[in-house]
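Colleague:
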Amino acid sequence: MPDAHLPRGFADRDAVDVAATETMLAKIRSIYELYGFDVLETPFIEFTEALGKFLPDQDRPNEGVFSFKDDDEQWLSLRYDLTAPLARHVAEHYDKLPKPYRSMRAGWVFRNEKPGPGRFRQFMQCDADIVGAGSIAADAEVAMLMADTLEAVGIARGDYLIKVNNRKVLDGMMEAIGLGGDAEAARRLTVLRAIDKLDKFPADEIRKLLGAGRKDESGDFTKGAGLDAEAIERVIAFTGWGDGAPQGTLNSAASLENFRKAVGTSQRGQDGIAELETMQSLFTAAGYDESRILIDPSVVRGLEYYTGPVFEAELTFAVKGDDGRPVRFGSVAGGGRYDGLVSRFRGETVPATGFSIGVSRLLSALRLLGKIEHDKTPAPVVVLVMDRDQIAHYQKLVTILRQNGLRAELYLGDAGMKAQMKYADRRHARCVVIQGSDERERGEVLIKDLVLGATLSSAPDREAYLKAQAEAQFAVSEALMVDAVRKVLARG
RNA sequence: GCAGCUGUAGCUCAGUUGGUUAGAGCGCUAGAUUGUGGAUCUAGAGGUCCCCCGUUCAAGCCGGGGCAGCUGUACCA
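Going by my numbering, the first sequence opens with residue 225, and the numbers climb by one from there.
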C-alpha cells in the first residue's frame with residue numbers, strides 16, 4: 225500500500241488558507257493596479273533554456289529546478305520565479321508592448337531545495353516590474369510601492385521597513401579594498417555573502433567570515449574570504465556596524481557617509497551613491513521617511529543578476545511562536561534593478577526594475593499578527609435523516625433552504641441520529657433541522673440551535689434551563705422553516 | 001551538501017542493568033440514553049517499537065550500516 229503523505233516541502237491548503245490567500249492577493253492587486261500595473265499570467269512550465277538555468281557544458285538543467293524532457297528531447301522546467309518568465313514574455317512580444325511596460329504577476333513557483341520552517345518547494349509570489357525604464361525614478365517608485373502594499377495588507381506603519389542598497393556601491397567598496405577584476409570574483413562573492421548575513425550574526429562573526437572562516441554551533445566550519453585585518457575593518461566600517469554601533473541604529477545619511485569613505489575613488493561606487501541620493505530625495509518628496517524606507521548596507525540580494533539598486537522588505541515587529549521563542553521572519557519581499565535579464569533574448573540592453581512578495585511568508589506573518597480574517601463562508605445547516613424511506617422529503621427540505629440562499633446539506637452517511645449530531649457539530653453547523661414521524665404528521669420540523677444547546681448543561685436553575693431549551697430547540701411548520709433557520713443564524 | 005540531535009499507537013510521550021502477552025494521556029468507535037453533539041462512566045478498535053545486518057539463551061533497549069524527521073550551517077535565481 226502506498227503511504228498517504230506528501231513529499232516534504234509541499235502542503236495542502238484548506239478552505240481557511242485559500243480564502244486568506246485570495247483576500248490578501250486581492251488587496252495586493254488593487255494597490256498594484258493603482259500604480260498602473262497590468263496583470264500578466266504565464267504558464268508554470270518554460271523551456272529550461274529560457275529560464276536561464278541550463279548547464280550547457282553538462283547538457284542538463286541546474287539542480288534546484290524541477291525539470292523533465294519533452295517528447296522532442298528539449299528540457300522543460302517548472303518556473304522558479306516570476307521574473308525569468310517576464311523577461312521571456314517581454315522579449316517575445318517586445319514590439320507589441322508599451323515601453324516602459326508595467327507588469328504584475330501572481331502565482332506558484334517551484335524550487336527543488338531543502339525546505340524548512342516557512343520555506344516550501346512550492347510557494348506563491350506576487351511581482352511588480354517596470355521594464356524599459358532606466359530611470360532611477362522607476363526604482364524609487366518600486367520601493368514606495370512595496371511600502372504601500374505592505375500597509376494595504378494590514379502591516380502597520382512602523383511594523384515594516386523597506387531597506388535599500390545599491391550593487392554599484394558594494395562593487396565600488398570592493399574595488400577600493402583591492403578586490404576588483406575578474407580574478408577576485410570568487411572572493412567578492414564570499415564578501416557579499418558575509419555582508420548579507422549582517423542581520424543574522426553580530427559583527428565579530430562577520431569578521432570571521434571575511435577572514436579565515438567560522439564554525440557554527442554544531443561544529444561545522446565555513447571557509448571565509450581570507451581578507452587581511454585592514455580590509456576586514458574597512459568592510460566593517462562600510463557597514464557602520466563596528467564596535468559600539470549596534471546593528472539597525474544607523475540612519476540613511478550616516479550610511480551614505482560610510483559609503484563615501486568606503487568607495488574612495490571608484491567611479492562605479494560613486495555612481496551608486498549618486499543613485500541612492502536621488503532615490504532618497506524622491507522618497508522625501510513623496511513623504512516616505514526613514515521609518516518606512518531606509519538606506520541599509522546589509523541588503524545584498526541574489527548574486528546573479530542585480531545591477532543597481534536592490535531592496536528588501538523586512539517585518540520589524542516581535543512575535544512569539546508556539547514555543548514562546550521570538551520568530552524571525554526575514555524578508556517578506558525583495559527586488560532590484562536587473563538591466564541584463566531581457567538582453568539574454570535580444571542583443572540590446574533593456575533596463576528593468578521590480579520586486580517580488582513572498583505571499584506565503586507574508587501570510588504566515590499576518591496570521592501571527594492576528595490580521596487574518598476568518599473564513600466568511602458560513603457553516604452549513606444540516607438536515608438530519610431520521611427515517612430512511614423519507615429521504616426524498618428531507619432532500620426537498622434541503623433544496624428549499626438552498627433556494628433561499630442558505631448553505632445546507634443533507635446528511636448522507638448511514639449512521640444513527642447521535643452520530644449525525646456529532647457530524648453536524650464537527651461541521652460547526654449553527655443549527656440542524658430534524659423531522660421524525662411525529663413532526664412529519666403535523667407538517668412541522670424541529671430546529672435545533674447547536675450553540676445554545678451546548679450551553680444547556682450549565683444553566684443555573686431549572687427555569688433558566690427550560691427557557692434556554694425552548695430557545696435552543698423548537699418546532700415550526702415547514703412553511704416557516706426558512707424564516708426560523710434565518711433567525712437562528714442571526715443569533716450570531 | 002556538511003554537522004548535531006531524534007525515530008515506540010492517529011497525536012504527545014513513558015518503557016527498569018537486555019527478560020514472558022510493549023504501556024499511559026489525548027483522539028477515534030460504540031454503549032449507558034426506544035429520536036439529540038459538547039461533559040461523565042464503561043467497553044472496544046488501533047503497533048513491522050523506522051529498516052537491514054550483527055552480538056546474545058533472550059533486543060524496543062547493545063554494536064554496525066542505511067533511511068526519515070528536526071535544528072544549525074552552506075547554497076538560494
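Cβ atoms here follow ideal geometry from the backbone N, Cα and C, with glycine treated the same way.
Taking 7 Å as the cut-off, decide whether the C-beta atoms of residue 632 and residue 605 are in contact.
Modeller: Taking the first residue of the first sequence as position 1, residue 632 is located at position 408. Taking the first residue of the first sequence as position 1, residue 605 is located at position 381. Yes.
Colleague: Starting from residue 570, trace the beta strand (DSSP E) both ways and give me its first and last residue.
Modeller: In the first sequence, the residue the question calls residue 570 occupies position 346. From DSSP, residue 570 is part of no beta strand (DSSP E); its letter is neither H nor E.
Colleague: Measuring only the C-alpha atoms, how far is residue 448 from residue 262?
Modeller: Looking up residue 448 in the first sequence gives position 224. Looking up residue 262 in the first sequence gives position 38. Looking at the two C-alpha atoms, the distance is approximately 44 Å.
Colleague: Nearest CA to the CA of residue 331: which residue from 252, 399, 318?
Modeller: Taking the first sequence and counting its residues from 1, the one referred to as residue 331 is at position 107. Taking only the C-alpha atoms, the option nearest residue 331 is 252.
Colleague: Let me make sure I understand the geometry here. Which of 597, 578, 579 has the alpha-carbon closest to that of residue 587?
Modeller: Position 363 of the first sequence, counted from the start, is the residue given in the question as residue 587. Of the candidates 597, 578, 579, the one whose C-alpha sits nearest the C-alpha of residue 587 is 597.
Colleague: Taking residue 482 as part of the alpha helix (DSSP H), name the residues at either end of that continuous run.
Modeller: Reading the first sequence from its first residue, position 258 is the one you call residue 482. From DSSP, the alpha helix (DSSP H) with residue 482 extends over 476-487.
Colleague: List the whole-angstrom C-beta distance separating residue 634 from residue 619, where the pair is believed to meet the contact cut-off of C-beta under 8 Å.
Modeller: Working through the first sequence from its first residue, we reach residue 634 at position 410. Working through the first sequence from its first residue, we reach residue 619 at position 395. Yes, they are in contact, since the Cβ atoms of residue 634 and residue 619 sit about 6 Å apart, within 8 Å.
Colleague: Looking at the structure shown, is residue 282 part of a helix, part of a strand, or coil, going by DSSP?
Modeller: Mapped onto the first sequence, residue 282 falls at position 58. Residue state, collapsed to three classes: coil.
Colleague: Apart from the five residues on each side of it in sequence, which residues of its chain come closer than 7 Å, Cβ to Cβ, to residue 531?
Modeller: Working through the first sequence from its first residue, we reach residue 531 at position 307. Around residue 531: 391, 561, 562, 563, 564.
Colleague: With 16 other CB atoms within 10 Å as the buried threshold, where does residue 260 fall?
Modeller: Stepping through the first sequence from its first residue, residue 260 is reached at position 36. Per the 10 Å Cβ criterion, exposed.
Colleague: With DSSP run on the structure shown, which of helix, strand or coil describes residue 680?
Modeller: Start at 1 with the first residue of the first sequence, and residue 680 comes out as number 456. In the structure shown, residue 680 sits in a helix (DSSP, three-state: H, G or I).
Colleague: Tell me whether the region 263-274 and the region 240-249 touch, counting them as touching only if at least three CB pairs, one residue from each stretch, are closer than 8 Å.
Modeller: The region 263-274, when compared against the region 240-249, does not touch it at the 8 Å Cβ threshold.
Colleague: Among 296, 337, 650, 612, whose alpha-carbon lies nearest the alpha-carbon of residue 286?
Modeller: Position 62 of the first sequence, counting from 1, holds the residue named residue 286. The candidate whose alpha carbon is nearest that of residue 286 is 337.
Colleague: Figure out for me which residue from 488, 376, 431 has the closest Cα to the Cα of residue 402.
Modeller: Start at 1 with the first residue of the first sequence, and residue 402 comes out as number 178. Here the closest residue by C-alpha is 488.
Colleague: Could you spell out the range, first to last residue, of the alpha helix (DSSP H) harbouring residue 580?
Modeller: Along the first sequence, read from residue 1 onward, the residue named residue 580 stands at position 356. Not the alpha helix (DSSP H): residue 580 falls in the beta strand (DSSP E), residues 576-582.
Colleague: For residue 394 and residue 421, what's the separation of their Cα atoms in angstroms?
Modeller: Residue mapping note: residue 394 aligns to position 170 of the first sequence, counting from 1. Residue mapping note: residue 421 aligns to position 197 of the first sequence, counting from 1. Each residue's alpha carbon lies about 14 Å from the other.
Colleague: Could you work out which residue in 701, 654, 256 is closest to residue 601 when comparing CA atoms only?
Modeller: The sequence position of residue 601 within the first sequence is 377, counting from 1. It is 654 whose Cα lies nearest to the Cα of residue 601.
Colleague: Helix or strand or just coil, what does DSSP make of residue 266?
Modeller: In the first sequence, the residue the question calls residue 266 occupies position 42. DSSP places residue 266 in coil when its eight states are reduced to three.
Colleague: Are the beta-carbon atoms of residue 377 and residue 566 separated by less than 7 Å?
Modeller: What you label residue 377 is simply residue 153 of the first sequence in a count that begins at 1. What you label residue 566 is simply residue 342 of the first sequence in a count that begins at 1. No, the Cβ-Cβ distance between residue 377 and residue 566 is not below 7 Å.
Colleague: Name the residue from 288, 346, 385 whose alpha carbon lies nearest to the alpha carbon of residue 515.
Modeller: Within the first sequence, the letter at position 291 stands for residue 515. Closest by alpha carbon: 385.
Colleague: When the Cα atoms are used, what is the spatial distance from residue 663 to residue 640?
Modeller: Indexing the first sequence from 1 puts residue 663 at position 439. Indexing the first sequence from 1 puts residue 640 at position 416. Going by the C-alpha atoms only, they are around 18 Å apart.
Colleague: Pick out whichever of 660, 374, 231, 693 has its Cα sitting closest to the Cα of residue 614.
Modeller: Here the question's residue 614 lines up with position 390 in the first sequence. Cα-wise, what sits closest to residue 614 is 660.
Colleague: Output the residue ranges of the alpha helix (DSSP H) runs that lie fully inside the region 280-333 and measure 4 residues or longer, sorted by chain position.
Modeller: DSSP runs (the alpha helix (DSSP H)) wholly in the region 280-333: 307-316.
Colleague: Which residues does DSSP list as the beta-bridge partners of residue 445?
Modeller: As a working note, residue 445 is residue 221 in the first sequence. Answer is 439, bridged to residue 445.
Colleague: DSSP on residue 555, reduced to helix/strand/coil?
Modeller: Taking the first residue of the first sequence as position 1, residue 555 is located at position 331. Correct three-state label for residue 555: strand.
Colleague: State yes or no: is the C-beta of residue 582 within less than 7 Å of the C-beta of residue 556?
Modeller: Here residue 582 is taken as the residue at index 358 of the first sequence, counted from 1. Here residue 556 is taken as the residue at index 332 of the first sequence, counted from 1. Their beta carbons are under 7 Å apart, which means residue 582 touches residue 556 by this criterion.
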